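Per my numbering, the very first residue in the sequence shown carries number 5; after that it's consecutive. Glycine included, every Cβ here is placed at the ideal spot set by N, Cα and C. Quantities reported herein were computed from a predicted structural model and do not represent experimental measurements. Below you'll find the structure, written out as structure tokens, and then a few comments.
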Amino acid sequence: MTHPDRFLGRADVYACARPTYPPALGEWLAGLGLLSNRVADVGAGTGLFTRLLLAHGTGPNFAVDAVEPNPEMRAQLGATLAQEMASGRLRVHDGTSEATPLDSASVSLITAAQAAHWFSPVPTVREFRRVLTPGGQVLLVWNDWRGVATPFNAAYREVVTRFSREDGELVSRVPEQELPKLMPGGFEVQTFDNPVPFPRERLRALAGSISYLPSPDDPQFADVGQQLDSAFDAHVSGDHVTLTYRTHAYLGRLD
Numbered sequence: 005m006t007h008p009d010r011f012l013g014r015a016d017v018y019a020c021a022r023p024t025y026p027p028a029l030g031e032w033l034a035g036l037g038l039l040s041n042r043v044a045d046v047g048a049g050t051g052l053f054t055r056l057l058l059a060h061g062t063g064p065n066f067a068v069d070a071v072e073p074n075p076e077m078r079a080q081l082g083a084t085l086a087q088e089m090a091s092g093r094l095r096v097h098d099g100t101s102e103a104t105p106l107d108s109a110s111v112s113l114i115t116a117a118q119a120a121h122w123f124s125p126v127p128t129v130r131e132f133r134r135v136l137t138p139g140g141q142v143l144l145v146w147n148d149w150r151g152v153a154t155p156f157n158a159a160y161r162e163v164v165t166r167f168s169r170e171d172g173e174l175v176s177r178v179p180e181q182e183l184p185k186l187m188p189g190g191f192e193v194q195t196f197d198n199p200v201p202f203p204r205e206r207l208r209a210l211a212g213s214i215s216y217l218p219s220p221d222d223p224q225f226a227d228v229g230q231q232l233d234s235a236f237d238a239h240v241s242g243d244h245v246t247l248t249y250r251t252h253a254y255l256g257r258l259d
């Protein structure tokens, strides 16, 4: 797992601005019986997906091990979910996809939401094989607004492309043709609609949470905010705009 330092200084805005995940995804996982044993949430960030797992996990054997290398995000996760930690349903660890502190054959499901495009496939698969129980599965999830054709999505794309510090197309998730590197045993795909309302300040905070845009303490971030304000004013309905995400879920195996 690479570049955890790219999110230093962004944990607060990440926690308050990033989109959550649709309840239908948690219901799907629970219906498959995947949330009744221990789960590892790798690259857990501030715990946005961890919350979905905890909300839908049941049974005496269910618990979540959240693994996150960024100390600020890990602290945010622990503070937000302190009650779950106190109950024993959640443990929080410093670690990466390539090196977790988890015991061998200790979890039946590994999840990574909004994170696996940072993973190096070969050492990650080696580590996932170590910590998964026999027959265990891997779930990779991304919220992605790209490819959803709405007027505000187009306006938002224009702003973030203008200020992006990445070359070429914005990196958001692993292309499906490359996913076999992370799930060599094959995978199935599920998608879920996930429209998210953004009041003006949340939209600004969203931009501050994105690693390829100027950070909130960068002088250029004021220009980002001005451009987002213009897009907001052109598309506002009531007190918010809607950035329409599609949640892509890939459930697969390593062997």
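Who are the near neighbours of residue i in its chain, counting only those whose CB is closer than 7 Å to its CB and skipping five residues on each side?
i, result
"S110", "R42, V135"
"E88", "L58, L94"
"G190", "G256, R257"
"P179", "none"
Would you kindly work out how many angstroms separate the C-alpha atoms of residue i and residue j, rounded to a whole number?
i, j, result
"S108", "L39", "19 Å"
"A119", "F53", "11 Å"
"Q194", "A59", "20 Å"
"V3", "E131", "As displayed, the chain neither begins before 5 nor continues past 259, which places residue 3 out of reach and without an answer."
"E76", "E31", "30 Å"
"A211", "T251", "19 Å"
"Q230", "P138", "52 Å"
"L186", "W146", "15 Å"
"G63", "G99", "26 Å"
"L183", "V142", "11 Å"
"V262", "T115", "In the structure displayed, the chain extends from 5 to 259; residue 262 sits before or after that span and is not available."
"I214", "S91", "32 Å"
"A28", "Y254", "14 Å"
"G61", "H97", "19 Å"
"R169", "D148", "19 Å"
"P125", "L144", "13 Å"
"D289", "D243", "This structure does not reach residue 289, given that the chain is present from 5 up to 259, and the question cannot be answered."
"H239", "E192", "36 Å"
Between the Cα of residue i and those of the options, spot the shortest distance and give me the residue it belongs to.
i, options, result
"W122", "L58, V245, P73", "P73"
"D227", "V164, E192, V200, Q181", "V164"
"A86", "A28, L29, G47, A70", "A70"
"A21", "L29, A44, G51", "G51"
"A83", "G61, G49, A238, P26", "G49"
"R208", "E192, A235, D197", "A235"
"F167", "L56, Q224, A117", "Q224"
Quick one: what's got a C-beta closer than 8 Å to residue i's C-beta in the same chain, skipping five residues either side?
i, result
"Q181", "none"
"A246", "Rather than Ala, the amino acid found at residue 246 in this sequence is Thr. Once the five neighbours on either side are set aside, the close Cβ partners of T246 are T154, F156, P199, V200, P201, F202."
"R151", "The residue you asked about is not Arg; residue 151 is Gly in the sequence shown. For G151, where only same-chain residues beyond five positions count, the Cβ hits under 8 Å are R250."
"D261", "As displayed, the chain neither begins before 5 nor continues past 259, which places residue 261 out of reach and without an answer."
CB of residue i to nearest heavy atom of the ligand MN: below 8 Å?
i, result
"N157", "For the ligand MN, the structure offers nothing, since it holds no ligand at all."
Below 8 Å on the Cβ atoms is my guess for residue i versus residue j; work out the distance and round it to an integer in Å.
i, j, result
"R204", "D233", "7 Å"
"P26", "F196", "5 Å"
"G140", "S101", "About 15 Å separates the two Cβ atoms, so there is no contact after all."
Going along the chain, which residues of its own chain have a beta-carbon closer than 6 Å to the beta-carbon of residue i, five neighbours each way excluded?
i, result
"N65", "N41"
"A117", "F53, V145"
**OP:** Would you check if there are 3 or more beta carbon pairs closer than 8 Å linking the segment 99-106 to the segment 24-37?
**Re:** Pairwise C-beta distances place the segment 99-106 out of contact with the segment 24-37, as fewer than three of them are shorter than 8 Å.
Original post:
Touching or not, the segment 152-159 and the segment 204-221, by the rule of three or more beta carbon pairs under 8 Å?
Top reply: no
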